[in-house]
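Q: Can you read through this structure? Questions will come right after.
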Amino acid sequence: MLRWRRILTRGVAEAVSLARYRAAPRAGLRVLMYHAVGSPAAQDQLGIYSIAPELFARQIAALAAYDGATIVSLEHSLATGPRLRIAVTFDDGYRDNLYRAAPVLQAHGIPSTIFVCTGFMRETSGNYLTPAELLELAALPGVTIGSHGATHARLTDLDERALRDELTTSKALLEDITGRSVTSLSYPHGAVNQRVRDAAAAAGYTLGASSRFDINDATRDPLLLCRSDILGIDSVRVFKQKLHGDWDWYRSRSVDPAAS
């Protein structure tokens, strides 16, 4: 019953999105949020945060061919202009980001940012990047490594000391492994408010990615960027709708961290 309810809900949402179709895509910075590609995603009870490699390849081909948009690295995305700009990001630090996602992105010349939870590198499941694999991934053209915290804790639940440790220890370890400065952060569970945002700035981050679904205009705080969640159940048609802005009504389902 739950499965059919999700399918029906999805169908209604697609119909609403089609009804909102515009002649031109919304301008601004759209940050795509992926997780796993062909591997089980952590705490994914609905099975929606892992995308089949074949579908991922079709989506990225559609992105490369998408008219009216400029594909950018997240770290060089804040310039304003009349065109839609799209950046690709991944959360958690799955091994498949190196072995399945990276070859597809490299073939199309598409940059990406991989937000790595350093604690996951100690997992024995084999799902997550090892330090050696992280270094290999970081060396690829167009790949930037960002932090996803040290333990994947909800940062809004932590006291000041624990929050500082979560932000600084993950940053330092990633910099030690890659030999590069780490200045971008994805907030685990999307848990961010003004206090967490300010702590991230104090720790040396200049970009912060939330999980709120929306596009970013020129006035958006770079430490509170919205993203567009790409799910394993998104067809290429739905993927294109999300690029276009037809799913941005989904922002109403969550509170803007800039207002918290």
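So the sequence shown is numbered by my numbering: it starts at 24 and just counts up by one. The C-beta atom is built at its ideal place from N, Cα and C for all residues, glycine as well.
1) If L248 and V54 are in contact, beta carbons under 8 Å, what's the gap, nearest whole angstrom?
2) Can at least three beta-carbon pairs, one atom from the region 61-71 and one from the region 108-127, be found at a separation below 8 Å?
3) Applying the 10 Å Cβ sphere with the 16-neighbour rule, what's the burial state of D180?
4) Given a threshold of 16 other Cβ atoms within 10 Å of its Cβ, counted over all protein chains shown, does R276 qualify as buried or as exposed?
5) Measuring only the C-alpha atoms, how far is D271 from G51?
6) Go through its chain and collect everything with a Cβ distance to A38's Cβ below 6 Å, but skip five positions before and after it.
7) Leaving out the 5 sequence neighbours to the left and right, which residues in its chain are closer than 7 Å to A282 when beta-carbon positions are compared?
8) Identify which residue in H99, N150, S96, L246 has its Cα closest to the Cα of R220.
9) Could you give the first and the last residue of the continuous beta strand (DSSP E) run that contains F113?
10) Classify P134 as buried or exposed, calling it buried when 16 or more other Cβ atoms lie within 10 Å of its own Cβ.
11) Just grab the DSSP bridge partners of L52 for me.
12) Could you pull the DSSP bridge partners for I253 from this structure?
13) May I ask you to verify whether the region 175-191 touches the region 93-109, counting CB pairs closer than 8 Å and requiring at least 3?
14) Entirely within the region 52-102 and at least 4 residues each: give me those alpha helix (DSSP H) ranges in chain order.
15) With burial defined as no fewer than 16 other Cβ atoms inside 10 Å of the residue's Cβ, what is the status of H99: buried or exposed?
16) Ignore the nearest five residues each way along the sequence and tell me which others in A224's own chain have a CB closer than 8 Å to its CB.
17) Note down, one range per segment and in chain order, each alpha helix (DSSP H) of at least 4 residues found wholly within the region 122-164.
18) Measure from the alpha carbon of D114 to the alpha carbon of each residue in P105, G149, G172, Y89, then state which is nearest.
19) With H, G and I counted as helix, E and B as strand and the rest as coil, what does DSSP make of T339?
A: Considering the structure as presented:
1) 6 Å
2) yes
3) exposed
4) exposed
5) 12 Å
6) Residue placement at A38 is poorly supported in this model, since its pLDDT is 47, which falls under 50; the coordinates still yield a value, given next. For A38, where only same-chain residues beyond five positions count, there are no Cβ hits under 6 Å.
7) none
8) L246
9) 107-115
10) buried
11) R108, N239
12) Its beta-bridge partners do not exist; DSSP assigns none.
13) no
14) 76-87
15) exposed
16) L246
17) 125-131, 154-161
18) G172
19) Summary: the structure shown does not reach residue 339, with the chain confined to residues 24 through 283, and so no result is reported for it.
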